[in-house]
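In the UniProt record's numbering, the protein residues as written are 1 to 255.
Heads up, the beta-carbon is just placed ideally off N, CA and C, and yes, glycines get one too.
None of the values given here were measured: they were computed from a predicted structure.
To start, the structure itself, in structure tokens.
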């Protein structure tokens, strides 16, 4: 069984808390006011090891990730393959670093952004450094996304009507920079699908979710369901979802 405890009210993790007046150990929820007395004095501890370099975070499998952007404007110096995926990851030395991974399944070579001081003004500099050999090569065009060099958040297009120029501005800090062209990206969000499509049928078999027999499925009349809280699209706050535990049903509804 797991050492983690979950709140019966909101299903968030309960954290150990000492009651110094009564000298007992409690488990308290940081999301609501629920507290309960611990059945023993053993608590769990999270230990994070930082002895491994950042390159071990990037697995070779990311090259086949369909959600990552791809580019054919770079060439792997290890195998000569002309396609790579790219992503940003944290680096202990510089914060966020841009990485490239070769798409050749027999290679998987990884590339890191150049540490050339002359290129540090732009976090998405077109000059990249091969981490293993120090070989530089040029990337013509990477992504339509731009990132703030101060806080690494996304830069959004903004029109300067006084000077009639296009800017990219950060919504987190006050950084602004002139756009190198007049092409901008646009996010299109389609709301035609309800939020229940986010809830997968497989959650009914999740052993970490709480279960209840106080509800009845409207489709198959099964008397057991799992429940959890999640955000509902277009609404504020949390919504309570139920999933029928009947393996032949899997009906989903919310309170």
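- Contact annotation: the segment 216-231 touches the segment 240-248, with at least three C-beta pairs closer than 8 angstroms.
- Residue 68 counts as exposed, since fewer than 16 other beta carbons sit within 10 angstroms of its beta carbon.
- Judged by DSSP secondary structure, residue 169 falls within the beta strand (DSSP E) whose first and last residues are 165-170.
- Contact check between the segment 204-212 and the segment 172-180: fewer than three CB pairs, one atom from each, fall below 8 angstroms, which does not count as touching.
- Beta bridge pairing from DSSP links residue 176 with 169.
- By the Cβ neighbour-count rule, residue 225 is buried, with 16 or more other Cβ atoms within 10 Å of its own.
- By the Cβ neighbour-count rule, residue 81 is buried, with 16 or more other Cβ atoms within 10 Å of its own.
- Comparing C-alpha distances from residue 163 to each of 153, 154, 152 and 179 shows the shortest one belongs to 179.
- Take residue 146, set aside five residues on each side of it, and the residues of its chain with a beta-carbon closer than 6 angstroms to its own are 155 and 168, in chain order.
- Contact annotation, residue 61 with residue 85: C-beta distance approximately 11 angstroms; criterion of less than 8 angstroms not satisfied.
- Close CB contacts of residue 24 within its chain, under the 7 angstroms cut and outside five residues either way in sequence, are with 37 (chain order).
- For a cut-off of 8 angstroms, the C-beta gap from residue 254 to residue 240 is around 6 angstroms, short enough to register as a contact.
- Between the C-alpha atoms of residue 158 and residue 170 there is a straight-line separation of about 10 angstroms.
- For the 7 angstroms CB-CB criterion, residue 33 and residue 26 do not form a contact.
- Restricted to the UniProt domain "TFIIS-type" (213-254), not a single alpha helix (DSSP H) segment is unbroken, complete and at least 4 residues in length.
- Nearest to residue 11 by C-alpha distance, out of 40, 35 and 21, is 35.
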